[in-house]
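Peer 1: Numbering (my numbering), first residue to last: -18 to 229.
Handing you a structure now.
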C-alpha cells in the first residue's frame, strides 16, 4: 500500500467513523464491490482508529477535563454490553463481516431508520441516568454488526429515552472512547505477532483519520441541531439498495 492509499483510507475512516453512516459497513461494501481490494492489516486498522480516537479526545477535551466520578460510572456501565458481546461472540462477529446482499442491506436500513427517527425526536432536558446509560450501551453493542452505525444508534436511543440533545451527543461521542480503546486493545492482543514494524506511510493514514474525524464530529453535531439527520437516512438507504443489488 502506498502513501496515497493510506491517506484515502484515513479520510474514509475519519469521515464515516462519526457520521451516522457506519464506517465498517462502508468497508464491507467496498470489499464486496471491489473483490481485488484487501485490508492493509491490523496495524493500519489500529492506527486509523487511534486517529479517530484522538479526534474525539481533542474535540471534547474541555468536557473530558470536567468529567465527574458519576459520569465515569455512566461510561463504564454503557460500555458493559459491548464488552460482553465482543468477548462472547468475537468469532461470530468476525464472520459477520463476510455478509452481503439482503443481510448487509437490512443493516444499512436499520441505520437509515435511526437517522430518520432521530430528526423526529426532540429530546427533553433530562440528564443521563445509570439505567439510560446501560440501554444506550445495548444500542452501541448493536453497532458491532458491520452496517449499523454506532453514533446513529447511540444518539437515537439517548434521545428516545428523553435525554437532551447536548447530553445525548456528549455521551455518544465520549462512549466511543472506551469502545475504540477496547476493540483495538483486543486486536493488538490477538494479532500481537504482526504489529511491528510499522511502515512510515501508515502514519499518514493516522493524520488523515484524525483531521477528517474532527470534521465529521462537527458535521454530525450540526446535523443534529439543524435536524438534518434525514440526509444520512437517505444516503444509507442508497447504500442499502446498492448492497441488495450488487453484493452477495
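Cβ coordinates follow ideal geometry from the N, Cα and C atoms, glycine included.
Note that the structure is a prediction, hence the values are computed from the model and not measured.
1) State the CB to CB distance for the pair residue 120 and residue 138, rounded to an integer number of angstroms; the pair is presumed to be in contact (CB under 8 Å).
2) Along the chain, where does the alpha helix (DSSP H) that runs through residue 126 open and close?
3) Going by DSSP, what residue range makes up the alpha helix (DSSP H) through residue 186?
4) How long is the line joining the alpha carbons of residue -4 and residue 30, rounded to whole angstroms?
5) Could you check where the alpha helix (DSSP H) with residue 87 kicks off and where it finishes?
6) Are the stretch 89 to 96 and the stretch -5 to 12 touching by the rule of at least three beta carbon pairs closer than 8 Å?
7) What would DSSP say about residue 39, mapped onto helix, strand or coil?
8) Confirm, please, whether the CB-CB distance from residue -6 to residue 193 is below 9 Å.
9) Can you list, in chain order, the residues of its chain whose CB lies under 8 Å from that of residue 118, leaving out five sequence neighbours each side?
10) Looking only at its chain, what residues have a beta carbon closer than 8 Å to the beta carbon of residue 163, apart from the 5 residues adjacent to it on each side?
11) Do three or more CB pairs link the stretch 32 to 39 to the stretch 195 to 206 at distances below 8 Å?
12) Along the chain, where does the alpha helix (DSSP H) containing residue 56 start, and where does it finish?
13) In three-state terms, what does DSSP make of residue 144?
14) Between the Cα of residue 202 and those of 149, 184 and 188, spot the shortest distance and give me the residue it belongs to.
15) Leaving out the 5 sequence neighbours to the left and right, which residues in its chain are closer than 7 Å to residue -12 when beta-carbon positions are compared?
16) Can we say the stretch 93 to 112 touches the stretch 208 to 227, given the rule of at least three CB pairs closer than 8 Å?
17) Suppose the cutoff is 7 Å on Cβ atoms and the five residues either side in sequence are ignored; what does the same chain contact list for residue 124 look like?
18) Can you give me the start and stop residues for the alpha helix (DSSP H) that residue 210 sits inside?
19) Can residue 233 and residue 105 be called in contact, C-beta distance under 9 Å?
20) Using only the alpha-carbon positions, how far apart do residue 141 and residue 107 sit?
21) Can you list, in chain order, the stretches of the alpha helix (DSSP H) that have 4 or more residues and sit fully within the stretch -14 to 31?
22) Output the distance between the C-alpha atoms of residue -17 and residue 182, rounded to the nearest integer angstrom.
23) Nearest-angstrom Cα distance between residue 24 and residue 179?
24) Residue 218 and residue 6 look like a contact to me (Cβ under 8 Å); what is the Cβ gap, rounded to whole Å?
Peer 2: In this structure, then:
1) In the chain shown, residue 120 corresponds to position 139, counting from 1. In the chain shown, residue 138 corresponds to position 157, counting from 1. Right, the Cβ-Cβ distance comes to about 4 Å (below 8 Å), so this counts as a contact.
2) As a position in the chain shown, residue 126 is number 145, starting the count at 1. Careful: residue 126 lies outside any alpha helix (DSSP H) and carries neither H nor E.
3) To locate residue 186, count along the chain shown from 1; it is residue 205. 183 to 206 is the span of the alpha helix (DSSP H), which, as asked, contains residue 186.
4) Indexing the chain shown from 1 puts residue -4 at position 15. Indexing the chain shown from 1 puts residue 30 at position 49. Taking the straight line joining both Cα atoms gives about 12 Å.
5) Here the question's residue 87 lines up with position 106 in the chain shown. That run of the alpha helix (DSSP H) goes 82 to 101.
6) yes
7) Residue 39 sits at position 58 when you count from the first residue of the chain shown. Three-state DSSP puts residue 39 in a helix.
8) Residue 193 sits at position 212 when you count from the first residue of the chain shown. Residue -6 sits at position 13 when you count from the first residue of the chain shown. Result yes, Cβ atoms of residue 193 and residue -6 sit closer than 9 Å.
9) Locating residue 118 in the chain shown gives position 137, where the first residue counts as 1. Closer than 8 Å at Cβ, skipping near neighbours: 58, 59, 60, 61, 62, 63 and 156.
10) Translated into the one-based positions of the chain shown, residue 163 becomes position 182. Excluding positions up to five away in sequence, the list reads 60, 63, 64 and 67.
11) yes
12) Translated into the one-based positions of the chain shown, residue 56 becomes position 75. Residue 56 -> alpha helix (DSSP H) spans 50 to 69.
13) Counting from one through the chain shown, the residue named residue 144 turns up at place 163. It is a strand residue.
14) As a position in the chain shown, residue 202 is number 221, starting the count at 1. Selected option, being the one with the closest Cα: 149.
15) Counting from 1 along the chain shown, the entry for residue -12 is found at position 7. Excluding positions up to five away in sequence, the list reads 185, 186 and 189.
16) yes
17) Locating residue 124 in the chain shown gives position 143, where the first residue counts as 1. Closer than 7 Å at Cβ, skipping near neighbours: 130, 131 and 134.
18) As a first step, residue 210 must be located in the chain shown, where it is residue number 229. Counting along the chain, the alpha helix (DSSP H) containing residue 210 begins and ends at 210 to 227.
19) The structure shown does not extend to residue 233, since the chain is modelled only from -18 to 229, so the question has no answer here.
20) For the purposes of this step, residue 141 is taken as the residue at position 160 of the chain shown. For the purposes of this step, residue 107 is taken as the residue at position 126 of the chain shown. Spanning the two alpha carbons is a distance of roughly 11 Å.
21) 4 to 14
22) As a working note, residue -17 is residue 2 in the chain shown. As a working note, residue 182 is residue 201 in the chain shown. If you take the alpha carbons of residue -17 and residue 182, they lie about 7 Å apart.
23) Counted from its first residue, the chain shown places residue 24 at position 43. Counted from its first residue, the chain shown places residue 179 at position 198. When rounded, the distance between both Cα atoms is 7 Å.
24) Residue 218 sits at position 237 when you count from the first residue of the chain shown. Residue 6 sits at position 25 when you count from the first residue of the chain shown. The Cβ separation is near 13 Å, so there is no contact.
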